[in-house]
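As structure tokens, the structure follows; a few thoughts come after it.
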Amino acid sequence: MAQASTPGAAPAKARVKRSRRYRKLEPLVDRTKRYAIAEAVALIRKFGTTKFDQTVNLAVRLAIDPKKTDQAIRGALSLPHGIGKTRTVIVFADGDEARVAKEAGADEVGGEDLVKKVNDGWTAFDVAIALPRMMKHVGRLGKVLGPQGKMPTPKSGTVTDDVKTAVREFKAGKIEYRADAQGNLHVPVGKVSFTETALAQNIQAFLDHLHAIRPSSVKGAFILNAVLSATMSPGIPLSLG
Numbered sequence: 003m004a005q006a007s008t009p010g011a012a013p014a015k016a017r018v019k020r021s022r023r024y025r026k027l028e029p030l031v032d033r034t035k036r037y038a039i040a041e042a043v044a045l046i047r048k049f050g051t052t053k054f055d056q057t058v059n060l061a062v063r064l065a066i067d068p069k070k071t072d073q074a075i076r077g078a079l080s081l082p083h084g085i086g087k088t089r090t091v092i093v094f095a096d097g098d099e100a101r102v103a104k105e106a107g108a109d110e111v112g113g114e115d116l117v118k119k120v121n122d123g124w125t126a127f128d129v130a131i132a133l134p135r136m137m138k139h140v141g142r143l144g145k146v147l148g149p150q151g152k153m154p155t156p157k158s159g160t161v162t163d164d165v166k167t168a169v170r171e172f173k174a175g176k177i178e179y180r181a182d183a184q185g186n187l188h189v190p191v192g193k194v195s196f197t198e199t200a201l202a203q204n205i206q207a208f209l210d211h212l213h214a215i216r217p218s219s220v221k222g223a224f225i226l227n228a229v230l231s232a233t234m235s236p237g238i239p240l241s242l243g
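Mapping of the sequence shown onto my numbering: position 126 corresponds to residue 128, and the numbering continues sequentially without gaps.
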């Protein structure tokens, strides 16, 4: 996945080895310009000549200090056109809520038994949802799920009493995002097979969402740069004007 570049950053010590296909596509991207979203999407779709439907990813660099509590950017968003992928969702629940979660489409539901399974190393799922009362058990999974960005949290909508809605939204493609220690975040925004309009609307929706949650303590530009890429393509710098 392409990384949002950092102005003034030191060059990498070793050049990443790229595939022949990547090297063939790289000259098609003009590194002296930043592309409008519509232009970038049109170019990305020209790159989509592989045997599988590539995921289109957006990498964003934010002008934040993630060490400051009020600048820790994390949450979830339902994009207008989804992301073109059925996600594997598990739910930590018991009682009636366990039944509701299963009926809503959760792939696996359980209480302390599911906590043990995950703690033993099973992480073959995309999203973990938990009832608030289950967090006393789920909390010990921080070392397992935290590094993978799968730990349930209220801010991302994955710790909730409304498991029915949460399961349906995440199964439909609701995305979670979290800025890393350098202020970068990466999200899928669709598939190469999407129409140009659908991809552009998903991208714009996410950028608009970021502006809407901008911390008041951030002065000046909030989104420093953004790069669009497909699974096996070069990154395309976006114009943020």
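Even glycine gets a Cβ: it sits at the ideal position worked out from N, Cα and C.
message = Restricting to Cα atoms, I'd like to know which of THR125, LYS152, ALA100 and GLY113 is closest to LYS138.
response = Working through the sequence shown from its first residue, we reach residue 138 at position 136. Comparing Cα positions, the closest option is GLY113.
query = The alpha helix (DSSP H) with ILE85 in it runs from where to where?
reply = Your numbering for residue 85 matches position 83 in the sequence shown. Segment: none, ILE85 is in no alpha helix (DSSP H) and carries neither H nor E.
Proximity to ASP163 [Cα-Cα], best of LEU226, PRO134, ARG89 and THR88 = By one-based count along the sequence shown, residue 163 stands at place 161. Nearest option by C-alpha distance: PRO134.
ask   = How long is the line joining the alpha carbons of LEU230 and ASN204, rounded to whole angstroms?
value = Reading the sequence shown from its first residue, position 228 is the one you call residue 230. Reading the sequence shown from its first residue, position 202 is the one you call residue 204. Distance between the alpha carbons of LEU230 and ASN204 is about 12 Å.
inquiry  = Between which two residues does the beta strand (DSSP E) holding ILE66 run?
reply    = Here residue 66 refers to the residue found at position 64 when the sequence shown is read from its first residue. Premise fails: ILE66 is in no beta strand (DSSP E) and is neither H nor E.
request  = Over the uninterrupted beta strand (DSSP E) stretch that includes GLY112, give me the two end residues.
outcome  = On the sequence shown, residue 112 is found 110 positions in, with the first residue counted as 1. Looking at the DSSP string, the run of the beta strand (DSSP E) that includes GLY112 is 110-112.
message = Can you find the residues in the same chain that come closer than 8 Å, C-beta to C-beta, to ALA14, ignoring five residues on each side of it along the sequence?
response = Working through the sequence shown from its first residue, we reach residue 14 at position 12. The predicted model places ALA14 with a pLDDT of 48, which falls under 50 and marks its position as unreliable; any figure quoted below should be read in that light. Hits under 8 Å: none found.
ARG216 to LEU116 span [Cα, whole Å] = Reading the sequence shown from its first residue, position 214 is the one you call residue 216. Reading the sequence shown from its first residue, position 114 is the one you call residue 116. When rounded, the distance between both Cα atoms is 36 Å.
query = In terms of residues, what are the limits of the alpha helix (DSSP H) holding LYS104?
reply = Position 102 of the sequence shown, counted from the first residue, corresponds to residue 104. 97-106 is the extent of the alpha helix (DSSP H) around LYS104.
ask   = Thinking just about the alpha-carbon of each residue, which of ILE131, LEU143, GLU105 and LYS104 is nearest to the one in ASN121?
value = Translated into the one-based positions of the sequence shown, residue 121 becomes position 119. Considering only alpha carbons, the answer is LEU143.
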